[in-house]
Amino acid sequence: MRAIRMLIRARQQGRVVTPRDIAHEVSISSASTTKLIDRLVAGGHLIRVPHPHDRRTICIEVTAETAKAARETIGRQHARRFDAAAAMSSDERETVVRFLTALAEADSPQGDLAGSEQSSSARPDHPD
C-alpha cells in the first residue's frame with residue numbers, strides 16, 4: 001500500500017515514478033521491486049508507461065480505478081476515526097491528547113535528554 005500511496009501523491013504532483021523510486025520508498029531490492037510491480041500490474045493496480053524524457057526507462061503509474069478505491073478507503077478510515085473521537089467525552093479526549101503529546105515528546109531527540117535527567121523513581125506520578 002505504501003507504494004500505491006506514493007504513486008498517488010506523485011500523480012497529484014505531476015511527478016514521474018520509476019521502479020528505482022519505488023524501491024527506495026519501500027526499502028526493497030530491485031528484484032523485489034520488479035516482483036511487486038509485476039503483481040500489481042497483473043492485478044490491474046499499476047501500469048507501465050514510457051518515461052517522458054528517457055527512452056531507456058519506464059515509469060510506473062497507478063490506475064484511475066485503484067486511485068479512486070484508495071481515496072474511498074481513506075475517506076472511510078477518517079470517518080471511523082472521527083466517530084471514535086466523537087464518542088468520547090471532552091475529558092477523555094483531553095486525556096488522550098495529553099498521552100499522545102507525551103508520546104510525541106518522548107520520541108523527540110529532546111525527549112532523550114529529558115529522560116536521562118529524570119529517572120522513573122524521581123517522578124512521583126510514575127508507578128514502579
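If you're matching positions, the sequence shown starts at 1 in the UniProt record's numbering and goes up one per residue.
Quick reminder that beta carbons are idealized off the backbone N, C-alpha and C, glycines included.
Am I right that residue i and residue j are in contact with their C-beta atoms under 8 Å? What's the rounded C-beta distance?
{"i": "E61", "j": "I47", "result": "5 Å"}
{"i": "I58", "j": "P50", "result": "6 Å"}
{"i": "E25", "j": "R56", "result": "About 21 Å separates the two Cβ atoms, so there is no contact after all."}
Can you tell me whether residue i is buried or exposed? The criterion is at least 16 other CB atoms within 10 Å of its CB, across all chains shown.
{"i": "L7", "result": "buried"}
{"i": "residue 185", "result": "Absent from the model: residue 185. The displayed extent of the chain is 1 to 128, so no value can be given."}
{"i": "H45", "result": "buried"}
{"i": "T101", "result": "exposed"}
{"i": "A23", "result": "buried"}
{"i": "residue 144", "result": "Because the chain here runs from 1 to 128, residue 144 falls outside it and cannot be looked at."}
{"i": "A86", "result": "exposed"}
{"i": "A104", "result": "exposed"}
{"i": "A10", "result": "buried"}
{"i": "A33", "result": "Position check: residue 33 holds Thr in this sequence, whereas Ala was assumed. By the neighbour-count rule (16 or more Cβ atoms within 10 Å), T33 is buried."}
Would you mind working out which of the options sits nearest residue i, comparing C-alpha positions?
{"i": "E65", "options": "G43, S30 and R76", "result": "G43"}
{"i": "I4", "options": "K68, S29, S90 and R55", "result": "K68"}
{"i": "P19", "options": "R81, F99, S30 and A104", "result": "S30"}
{"i": "T12", "options": "A86, T63 and R55", "result": "With the sequence shown as reference, residue 12 is identified as Gln, and Thr is not the correct amino acid for it. Checked all of A86, T63 and R55; the closest Cα to Q12 is T63."}
{"i": "P52", "options": "G14, F99 and S108", "result": "G14"}
Is it the case that the CB of residue i approaches a heavy atom of the ligand NAD more closely than 7 Å?
{"i": "I47", "result": "Among the components of this structure there are no ligands whatsoever, and the ligand NAD is therefore not found."}
Please give the ranges of any alpha helix (DSSP H) in the UniProt domain "HTH marR-type" (1-105), keeping only runs that are unbroken, at least 4 residues long and fully inside the region.
If we require 4 residues or more, the alpha helix (DSSP H) runs fully inside the UniProt domain "HTH marR-type" (1-105) come out as 2-13, 19-26, 30-42 and 64-86.
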